[in-house]
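Chemist: Before anything else, here's the structure in question.
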Ligand code: ADQ
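Numbering (the numbering used here), first residue to last: 28 to 795.
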């Protein structure tokens, strides 16, 4: 995995989690060593730590044990001591008896005890103090998960020089559930001590922002919460948004590719008696994981003779978890009784249809299991993400294997080519299991290919870059580095996001337009504020750019316009332009316009629906393109309200891609269409509109004032060319341009927009 260096700009990174990421291993001679421990959090952040190095503050796992700080690999571990009372009240009690069930849809009943809460507060305070003692000046503290939700606020009070990120690995509950918590306001205030709060899914982040607005004096502007100034603290902003966690997909694929792993996978099948189909479940033994529902569906399929016990084996790996908590002990008993019953009724001497393994395995063994399994069954009733699903997909380079996945796992947002199930619906689950065991290879391949793309596009580097990048940009804006955390020879704060500078000439010109009484901020989308990605629907505005645009859109005298070649529908797929941003949005290169309340501009520029003639023409054009290019592998045709776009980004052979583009242009010209060239796309339209014309129409309808326009593509040149000497045109990336200024990439665009916000509103969300 590459691309993380520079993320913290040489500042010290302090990881803070309930458990240290290590287990003690005692050898037969009594000596002990440490090794990294399994679990979602460790799996996800291990590669980051390997690259960046860090201090890690957390509990070593045994009560009443004092351990001196020690080093392991790239980490300096700072153990926090917990007494057996702490473990009982803070960890097993409030964390796992109150918060865990509350945050997981109250699948089990949460218990509310004041004593537990009191201890939770005290232990959180201890963690905060420990971080405050160890962190270098200006360090970045990254706090993990539900056990430590009060630490951000406590730490900020102790060490205002730190930049604080918090990531919640489990779901954040809907308001109706969260409100049951007697200490709800304290938790929200605790979290708001962070500069960036990361969640797994969009609904988690929305719920948090809604609740924060209700219980504190914050105001939500898009993904940003604005905290007003108080007597003891200045006003500031908190970014609260989703950063879906992932895995080091390449590392899993590498283990899967090894001949010894593949041999082990074959051996596993043999040890199981070479069944026709092997199904696999891998979970911590937790009541949220839906293991009971899975076993029930499996048992009913056997009982009803829908599957044959001699043909099929289900291997259930259940790693031991929280064994001192009552609900977990009960679950274990229940699962083990069910396993016994199923095998008792459906097994034979020498063959058990259900293999239950209650222990931890090495990564190599896990990967061999993934390779051996025809079907992976992931059926949580609620799960923040579920990394097991992603690991399975990452390992299946053979593009075979079926993933049955609960729609209540965060992973379902990205892996929508899995067989999605509602695990409460046992009939539906049985049907999905049957479909999975009978799925033809071709369908397996199609689904697996899509899922593999999703996992590789959003791997753990992408997650860490998104989260840490957001934290670092806050840090950078504070000038928090004062360099004492820097080692000799390491790059200074200047390289945090190395490319995200506002060049001096751009800064000077921004200052000139920033204070105009009326200002229009217009920008292209793809390649300008949203990095280019392989699948257009996966494109997302950089968090910092979104935050800046959201603040600008509500600033008096400023209008924000998005001018994109995408259709409005295509833009909505990216989560932008769907509602309430208060932006003017023009789609299809100026043919569509929305969010603009000046009706004159619509009439003057001829926006609206296609005419009857245009509609008929379009119909013919769509049919022809479909016939000629629709079957070409890698080519994607996108229908637009006024035309069609031919995307060749997924045609991997460059020459073939060029040929297909040329063929498309020939076809378009023959049909009399207006042709536009973009990066890996050719666009055809029945109407001659362009971004220049629409930008002119919008500015004409607004009070007189300067325009800032940012764009990266050839089609943005029309907009640059209508700008005057008092405006500012900024080209993103290389290539000829009519723009007078240039920045290298979307991160730099975000920096430009953040600088503009600061100049116009005084709100600091990151500048250079
Ligand atoms: P978990 O609830 O622990 O994580 P999950 O995301 O599935 O769940 O991660 C489990 C990890 O442990 C996987 O990497 C898996 O390979 C490993 N593992 C499981 N059983 C194992 C065994 N027997 N031996 C070895 N390794 C085993 C929490 C949240 C999730 C969220 C993660 C990360 O509950 O929703 O995805 O954090 O944020």
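Virtual Cβ for every residue (Gly too), placed ideally from N, Cα, C.
Just list the residues that DSSP pairs residue 756 with in beta bridges.
Modeler: Residue 756 pairs with 736.
Chemist: Residue 197 and residue 127 - do their beta-carbons sit closer together than 9 Å?
Modeler: Result yes, Cβ atoms of residue 127 and residue 197 sit closer than 9 Å.
Chemist: Run the CB neighbour count on residue 125, radius 10 Å, all protein chains shown included, and call it buried at 16 or more, exposed below.
Modeler: Residue 125 comes out buried.
Chemist: Mapping the DSSP letters down to three states, classify residue 508 as helix, strand or coil.
Modeler: In this prediction, residue 508 has a pLDDT of 34, which is less than 50 and means its spatial position is unreliable; what the coordinates show is noted afterwards. In this structure, residue 508 counts as coil in the three-state DSSP scheme.
Chemist: Which term fits residue 16, buried or exposed, when burial requires 16 or more other beta carbons within 10 angstroms of its beta carbon?
Modeler: In the structure displayed, the chain extends from 28 to 795; residue 16 sits before or after that span and is not available.
Chemist: Under 8 Å, with one C-beta from each stretch per pair, do the region 71-84 and the region 39-58 reach the 3-pair mark?
Modeler: Flag = yes, the region 71-84 and the region 39-58 touch.
Chemist: Just verifying my parser: in three-state terms, what is the DSSP assignment at residue 268?
Modeler: In this structure, residue 268 counts as strand in the three-state DSSP scheme.
Chemist: For residue 758, count neighbouring Cβ atoms within 10 angstroms of its own Cβ and tell me buried if that reaches 16, exposed if not.
Modeler: So residue 758 ends up on the buried side.
Chemist: Quick one: residues in its chain with C-beta nearer than 6 Å to the C-beta of residue 741, no 5 flanking neighbours on either side, listed in chain order?
Modeler: Answer for residue 741: 704, listed in chain order.
Chemist: Which word fits residue 166, buried or exposed, when buried means at least 16 other C-beta atoms lie within 10 angstroms of its C-beta?
Modeler: The residue is buried, with at least 16 neighbouring Cβ atoms inside 10 Å.
Chemist: Can you tell me which of 87, 55, 114, 688 puts its alpha carbon nearest to the alpha carbon of residue 62?
Modeler: Minimum Cα distance to residue 62 is reached at 87.
Chemist: In whole angstroms, what is the alpha-carbon distance linking residue 209 and residue 477?
Modeler: So the alpha carbons of these two residues sit roughly 44 Å apart.
Chemist: Where do the ends of the alpha helix (DSSP H) carrying residue 152 lie?
Modeler: It spans 141-161 - the alpha helix (DSSP H) in which residue 152 sits, taken as one unbroken run.
Chemist: Using 8 Å as the cut-off, can you tell me whether the region 401-408 makes contact with the region 450-467, which would need three or more C-beta pairs spanning the two stretches below that distance?
Modeler: At 8 Å Cβ cutoff, the stretches touch.
Chemist: Would DSSP call residue 424 helix, strand or coil?
Modeler: Residue 424 falls in the coil class under three-state DSSP.
Chemist: What residue range does the beta strand (DSSP E) around residue 197 cover?
Modeler: Here residue 197 belongs to no beta strand (DSSP E), and DSSP marks it neither H nor E.
Chemist: Would you kindly report the start and end of the unbroken beta strand (DSSP E) that includes residue 225?
Modeler: From DSSP, the beta strand (DSSP E) with residue 225 extends over 223-226.
Chemist: Can you tell me which of the three DSSP states residue 480 falls into?
Modeler: It is helical.
Chemist: Beta-carbon separation of residue 180 and residue 225 under 9 Å?
Modeler: Contact flag unset, no.
Chemist: Closest by CA to residue 426, which one among 358, 746, 397, 615?
Modeler: The residue with the shortest Cα to Cα distance from residue 426 is 397.
Chemist: Excluding the five sequence neighbours on either side, which residues of its own chain have a C-beta within less than 6 Å of the C-beta of residue 304, listed in chain order?
Modeler: 339, 401, 464.
Chemist: Got a sec, what are the start and stop residues for the alpha helix (DSSP H) residue 614 sits in?
Modeler: Element bounds for residue 614: not the alpha helix (DSSP H) but the beta strand (DSSP E), 611-614.
Chemist: Buried or exposed, going by whether 16 or more other CB atoms sit within 10 Å of the CB of residue 768?
Modeler: It counts as buried.
Chemist: Indicate whether residue 726 and residue 675 have their beta-carbon atoms separated by less than 9 Å.
Modeler: Contact flag unset, no.
Chemist: Do three or more CB pairs link the region 105-113 to the region 334-350 at distances below 8 Å?
Modeler: Touching, no.
Chemist: Going by C-alpha to C-alpha distance, which of 661, 687, 658, 650 sits closest to residue 670?
Modeler: Checking every option, the nearest Cα to that of residue 670 belongs to 650.
Chemist: Roughly how many whole angstroms lie between the Cα atoms of residue 622 and residue 64?
Modeler: If you take the alpha carbons of residue 622 and residue 64, they lie about 51 Å apart.
Chemist: Whose C-beta lies closer than 7 Å to the C-beta of residue 776 among residues of the same chain, with five residues either side of it excluded?
Modeler: Closer than 7 Å at the Cβ level, and outside the excluded window around residue 776, lie 555, 556, 572, 737, 759, 770.
Chemist: With H, G and I counted as helix, E and B as strand and the rest as coil, what does DSSP make of residue 237?
Modeler: Residue 237: helix per DSSP, three-state reduction.
Chemist: Taking residue 163 as the reference, which of 538, 491, 190, 139 has the closest Cα?
Modeler: For residue 163, the nearest C-alpha among the options comes from 190.
Chemist: Report whether the distance from the Cβ of residue 227 to the nearest heavy atom of the ligand ADQ is below 8 Å.
Modeler: Yes, Cβ of residue 227 sits closer than 8 Å to a heavy atom of the ligand ADQ.
Chemist: Put residue 782 into one of helix, strand or coil per three-state DSSP.
Modeler: Residue 782: helix per DSSP, three-state reduction.
Chemist: Using a Cβ-Cβ cutoff of less than 6 Å, which residues in the same chain neighbour residue 383 once the five nearest sequence positions on both sides are dropped?
Modeler: If we look at residue 383 and ignore the five residues flanking it on each side, its Cβ neighbours are 343, 366.
Chemist: Heavy atom of the ligand ADQ less than 8 Å from the Cβ of residue 389, yes or no?
Modeler: Within the cutoff, so yes.
Chemist: Between which residues of its own chain and residue 413 is the CB-CB distance below 7 Å, once the five residues before and five after are set aside?
Modeler: Within the same chain, residue 413 has close Cβ partners 405, 407, 436, 437, 438.
Chemist: Smallest Cα separation from residue 296: which of 683, 85, 395?
Modeler: Answer by Cα proximity: 395.
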